[in-house]
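Scroll down for the structure; my scribbles are underneath it.
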Amino acid sequence: MSQSSFETLSKEVDQLGRLIGDVIREVAGDKGFELVESVRKMIRELRSGNWECEEELDRVISNVDKEQIITLTRAFTIFLELSNLAEDRQRVRVLHDRKQQAYPEPAKETIRAIIKQFYDQGHPDEQVQQFVNHARVELVLTAHPTEAKRRSIRRLLNDLRKLLDRQDAHDLLPSKRERIPSEVKAQLRKLWQTDFIRSHRPTVLQEVQRGLAYKDVLWDVVPRVANDLRQALLEFYPNVKKTNPLFVYGSWIGGDRDGNPYVTPSVTAQTFEWLREAALETHLNQCEGLGRSLCISDKHSEAGKMILDSVASAKERWPDLEPLLQRVPPRESYRQWIRVIHWRLSQTATLGITDLVSNIPGAYMSAAELHSDVTLIRNSLRTTGNIIIAENEVQPWLDQIRIFGFHMMHLDIRQDSSVYAEVMNDIWKATGKHDHPQGLEEVQRQELLLSTLGSEIRLGELILEEGTSRTLELFTVMRRTARVYGMAALGGHVVSMTRTPSDLLTVLWLWNWSESIDGGDAQDGHSQLPLVPLFETIQDLKNADATLSSLLSDPVYREYLKQQGNNQTIMIGYSDSTKDGGYLAGQWGLYDSQSRMAKVADEFGVNLTFFHGRGGSLGRGGGPAAKSGIKAGDKIVAVGEKN
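FYI, in the numbering used here the residues of the sequence shown are 27 to 669.
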């Protein structure tokens, strides 16, 4: 950080410190302010190495009353929030300065810099195309982030950020600049008087809604990053194209039931519906915005023949469209086609998890159909010379369709292996397949699973344990979701505490059983659920390569994996391995396990993706995210991180 840059940060921290000091004096009085200031000064002395202040600080803290404790706690909580806010803004300034200083060369650690580096090093098109094909960033939201804030607090801090951003504007009128400190102080007074802690624990569905609060940010960022890659390739490798999504978004909220009985099948079903509703709502908004913007008349720029033919075909196929299209001027063909798309999206939004797409006229069967319809607009604009409009206004929506589809983000399901083992024990006893399944050896358990895999076993009339019934209901929800919403809505099925191959084969058995739901469906055979073992303890990590080798040696599982492009995701847990063996033993176990599993995957010709269950604290792996993914072999094609 340069000296001037540091001075800017210090100036902003000082400004916020003075203003919150004024608020403390007004709300807590002179005594409250003086207490906070004296404690703050002693802490600064301690940080600078003056340990003589420690006894005095202990004495002061020991003699404060309840009201003073609240004042101190609130003051330092807000101090830290404001410091974080100032540092976040400073990071943005530093990144902006780096780009300006590097121009016209790309700034370090940007997409353009990576592609240019390939070009400077002489990598041919084929190598770069291979890299681009494999490049994928998968971001997964969880219900237990490193830091959780109430939405009210986040809003107040965001309003503060906007005020400070406005203060940075060079063309701001002096009269408006003079008002900003007063407006900041007003926000700080509200912050001081707002509860930082929720009065009650949020429900799972409330957590789902809070996770969806990020959708607008993700939606806006995706096309910008996708365009950065597209422009970098166009500049240095014009023959290389990114044909698959760069980003994939997932969520555990509403799907992670490991140790949480409140994540019920109905909660998971509601989560699937809300994620879909969020995606369709955002597509509808995008469609309406494009309809307002694309007011081009055929009189001045004739729309492509495909657009005109598609509008005519849609009216013939769906008579309900006629009155809607009559409201659009006949010469505005783009708007007419956009109205068709909007109507079809609205029809799609009415589709429930138990509905048949064929029963709703005009409903899109998949996001691929929407992508095709919007591509018509882009291609028509290009052919009529409106390339800049196509790239700036239509291409971003196409990027969003490819990444978010109709599911917004896939939902991962997680459950402990012991739960599934008990479910299978109950099923085998209830069906008479085995009287004492809990006593089976691992080899026997695998044989029984494989011998009954795909068999027509009717479970509906059997008396089963509550946990078994709930699990079967979950797989029913998953199967119906796959049939109606598509497999893109389902993420990986994570099996916690995986110790043996049967832990995954059990999930495969249950997924195959779910094909019998509602009499079956023709597309069931093409719906492969990604099975993700989670190795957590030191011992399980030591045995992970043997477990993986056994799985890949099984012809049934190997064929199942082959239908997924020979791609296997492995999740490794940082929290349990650290608690089990300590930080160093845990870190070594994780590294060694990855290396050995990579060798196994290489022997079987399988592409391995490691999903790191890693958080910010030392107990959850700690350290910079960029240094967490240690390359353990050529077959590791991606590394993810979960907070």
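Glycine residues also receive a C-beta, built at the ideal position from the N, C-alpha and C atoms.
Asked                                                                                                                                                                  : Found
Along the alpha helix (DSSP H) that carries Pro556, what are the first and last residues, could you check?                                                             : Premise fails: Pro556 is in no alpha helix (DSSP H) and is neither H nor E.
Rounding to the nearest angstrom, what Cα-Cα distance links Arg509 and Leu500 in this structure?                                                                       : 14 Å
Applying the 10 Å Cβ sphere with the 16-neighbour rule, what's the burial state of Thr573?                                                                             : buried
So Asp571 packs on Arg505, CB below 8 Å; how close in whole Å?                                                                                                         : Rounded, the Cβ-Cβ distance is 32 Å, inconsistent with contact.
Within a Cβ cutoff of 7 Å, which residues of the same chain sit near Val234, ignoring the five residues on either side of it in sequence?                              : Ile279, Gly280, Thr297 and Trp300
If you count every other CB in all the chains shown that lies within 10 Å of the CB of His196, and 16 or more means buried, which is it?                               : exposed
Name the residue from His638, Gly631, Ile439 and Phe630 whose alpha carbon lies nearest to the alpha carbon of Leu616.                                                 : His638
Just to check my reading of the structure: Ala252 and Asp399 have Cβ atoms closer than 8 Å, yes? What is that Cβ distance to the nearest angstrom?                     : Not quite, the Cβ-Cβ distance comes to about 19 Å (not below 8 Å), so this is no contact.
What number of angstroms, rounded off, separates the C-alpha of Thr526 from the C-alpha of Asp381?                                                                     : 38 Å
Just checking, does the stretch 145-161 make contact with the stretch 179-197 on the three C-beta pairs under 8 Å criterion?                                           : no
Please check the pair Ile50 and Gly43, which I expect to be a contact at CB under 8 Å, by giving their CB distance rounded to whole angstroms.                         : That pair is no contact at about 10 Å.
Mapping DSSP to helix, strand and coil, what is Ser481?                                                                                                                : coil
Where does Tyr275 sit, in a helix, a strand or coil, going by DSSP?                                                                                                    : strand
State yes or no: is the C-beta of Val520 within less than 9 Å of the C-beta of Leu578?                                                                                 : no
Answer yes or no: do Arg162 and Phe273 have a C-beta to C-beta separation smaller than 9 Å?                                                                            : yes
Could you work out which residue in Lys37, Thr532 and Leu498 is closest to Pro291 when comparing CA atoms only?                                                        : Leu498
Apart from the five residues just before and just after Ala305, which ones in its own chain have a Cβ nearer than 7 Å to its Cβ?                                       : Phe430, Gly431, Phe432, His433 and Met434
Check for me: the beta strand (DSSP E) holding Ser522 runs from which residue to which?                                                                                : Leu516 to Ser522
Where does Gly75 sit, in a helix, a strand or coil, going by DSSP?                                                                                                     : coil
What number of angstroms, rounded off, separates the C-alpha of Lys625 from the C-alpha of Val118?                                                                     : 41 Å
Note down the Cα distance separating Asp84 from Trp218, rounded to an integer number of angstroms.                                                                     : 25 Å
Thinking C-beta only, is His436 closer than 9 Å to Leu530?                                                                                                             : no
For Trp344, collect the residues of the same chain with a Cβ closer than 7 Å to its Cβ; drop the 5 residues on either side in sequence, then sort them by chain order. : Pro387 and Gly388
Are the stretch 132-146 and the stretch 219-226 in contact at 8 Å, needing three or more beta carbon pairs?                                                            : no
Measuring only the C-alpha atoms, how far is Gln25 from Leu167?                                                                                                        : Missing from the structure shown is residue 25; the chain here goes from 27 to 669 and no further.
So, Tyr288 versus Thr229, is the Cβ gap smaller than 9 Å?                                                                                                              : yes
Quick check: is any heavy atom of the ligand MN less than 8 Å from the C-beta of Arg505?                                                                               : The ligand MN is absent from the structure shown, which contains no ligands of any kind.
May I have the straight-line CA-CA distance separating Glu686 from Leu310, to the nearest angstrom?                                                                    : Since the first residue of the chain shown is 27 and the last is 669, residue 686 is not available in this structure.
I need the boundaries of the beta strand (DSSP E) containing Phe670, first residue and last residue.                                                                   : Residue 670 cannot be examined here, being either before or after the span of the chain that is shown, 27 to 669.
Which of the three DSSP states is assigned to Glu541 in this structure?                                                                                                : helix
Roughly how many whole angstroms lie between the Cα atoms of Val65 and Asn159?                                                                                         : 56 Å
Select from Ser392, Ser443 and Arg138 the residue whose C-alpha is nearest the C-alpha of Arg250.                                                                      : Arg138
With burial defined as no fewer than 16 other Cβ atoms inside 10 Å of the residue's Cβ, what is the status of Asp566: buried or exposed?                               : buried
Could you name the residues that DSSP lists as bridge partners for Met597?                                                                                             : Leu560 and Phe637
Does the Cβ of Gln126 have 16 or more other Cβ atoms within 10 Å, making it buried, or fewer, making it exposed?                                                       : exposed
Starting from Leu244 and walking both ways along the alpha helix (DSSP H), at which residues does that stretch end?                                                    : Lys241 to Phe262
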